[in-house]
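Respectively, the protein sequence lines represent chains A and B. Position one of the first sequence corresponds to residue 0 (numbering that gives the first Met the number 0), numbered consecutively onward. Position one of the second sequence corresponds to residue 0 (numbering that gives the first Met the number 0), numbered consecutively onward. Where a beta carbon is used, it is the ideal one built from N, C-alpha and C, also for glycine. Inspection log for the structure reproduced underneath, given as structure tokens.
There are 2 protein chains.
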Amino acid sequence: MDPDAVAKAFVDHYYSMFDSNRAGLASLYEDGSMLTFEGQKIQGSQNIVAKLTSLPFQQCQHSITTVDCQPSGPAGGMLVFVSGNLQLAGEQHALKFSQVMFHLMPTPTGSFYVFNDIFRLNYA
Amino acid sequence: MDPDAVAKAFVDHYYSMFDSNRAGLASLYEDGSMLTFEGQKIQGSQNIVAKLTSLPFQQCQHSITTVDCQPSGPAGGMLVFVSGNLQLAGEQHALKFSQVMFHLMPTPTGSFYVFNDIFRLNYA
């Protein structure tokens, strides 16, 4: 399958789950996964989802602007770079989030999980 | 050595070379390296540097705002996420470039080269 299409499908699935059932993101990380959120390093699916569900907003809607994808090496991973906007419920203006990097690794069943995740809000 | 310090040193070295001797960046890529530049995919050190040296500006100065780093897996690689500003000679305002992701891989001599490189200008 086309890696760009796989990356795009993963990103769509990830943000659809983020916007509708944030706790469900636990299924997309594993114990060795890492998130760097605005410089804060967090390891493991449980801790990562605890962070994401504790963000100070409930309802949100992501819209994706760009998805770039490259194979990361012989282990079958993919690097995915995402930019887009984040609309918070009750806020007039969308935030540009622009800076999310995922390193996806294959699972034994042929799907992918997030091994590395780096998030920076775009303050421009 | 502290991975964050290694990543910071690499990024400082990379942009110092970009701003003073862009063709010299060839030494920081290898034949298997990939660059995605604003969605355009380019492979190999020679082609990558041809792209970087053909950008429509001569003198420039990068200033780095954030550097995030994570180990990318058992092969000893590092993912480095960089945000910052790009000042072009003769332009009044700096551009936010904000979106550079490097995947660094170790060399046999103990240094690193860029295996993956994804660049997006920040249009915010």
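Taking its Cβ as the centre, do 16 or more other Cβ atoms sit within 10 Å of residue i, making it buried, or is it exposed?
i: Phe118 of chain A; result: buried
i: Thr52 of chain A; result: exposed
i: Ser110 of chain B; result: exposed
i: Phe56 of chain A; result: exposed
i: Leu85 of chain B; result: buried
i: His61 of chain A; result: buried
i: Gly23 of chain B; result: exposed
i: Ala123 of chain A; result: Confidence in Ala123 of chain A is poor, its pLDDT being 46 and thus under 50, which makes the residue's placement too unreliable to answer from.
i: Leu27 of chain A; result: buried
i: Met104 of chain B; result: buried
Would you mind reading off the limits of the alpha helix (DSSP H) that contains residue i?
i: Gln45 of chain A; result: Ser44 to Thr52
i: Phe56 of chain B; result: It is not in any alpha helix (DSSP H) - Phe56 of chain B carries neither H nor E in the DSSP assignment.
i: Ser71 of chain A; result: Ser71 of chain A -> no alpha helix (DSSP H), and no H or E assigned at all.
i: Lys16 of chain A; result: Note on identity: in this sequence residue 16 of chain A is Met, with Lys being the wrong assignment. Run containing Met16 of chain A: Pro2 to Ser19, per the alpha helix (DSSP H) assignment.
Would you say residue i and residue j are within 7 angstroms of each other, going by their C-beta atoms?
i: Gln42 of chain A; j: Met33 of chain A; result: yes
i: Gln69 of chain A; j: Asn115 of chain B; result: yes
i: Gly76 of chain B; j: His102 of chain B; result: yes
i: Tyr112 of chain A; j: Glu29 of chain A; result: yes
i: Thr106 of chain A; j: Asp67 of chain B; result: no
i: Ala88 of chain A; j: Gln58 of chain A; result: yes
i: Ser44 of chain A; j: Thr65 of chain A; result: no
On the DSSP letters alone, give me the boundaries of the beta strand (DSSP E) that residue i sits inside.
i: Asp116 of chain B; result: Phe111 to Arg119
i: Asp189 of chain A; result: Since the displayed chain A opens at 0 and closes at 123, residue 189 of chain A lies outside it and no answer follows.
i: Leu78 of chain A; result: Met77 to Leu87
Is any heavy atom of the ligand COA found at a distance shorter than 6 angstroms from the C-beta of residue i?
i: Thr106 of chain B; result: Within the structure as shown, the ligand COA is missing, as the structure has no ligands at all.
Quick one: measure Cβ to Cβ for residue i and residue j, integer angstroms, because I've assumed they're closer than 8 angstroms.
i: Ala130 of chain B; j: Val99 of chain B; result: With chain B running from 0 to 123 in the structure shown, residue 130 of chain B is simply not present.
i: Tyr14 of chain B; j: Ile63 of chain B; result: 7 angstroms
i: Gly72 of chain B; j: Ala74 of chain A; result: 6 angstroms
i: Leu94 of chain A; j: Leu120 of chain A; result: 7 angstroms
Could you list the residues in the segment 10–42 of chain B with a C-beta less than 7 angstroms from some C-beta on chain E, going in chain order?
Note that chain E does not occur in the displayed structure, where the protein chains are A and B.
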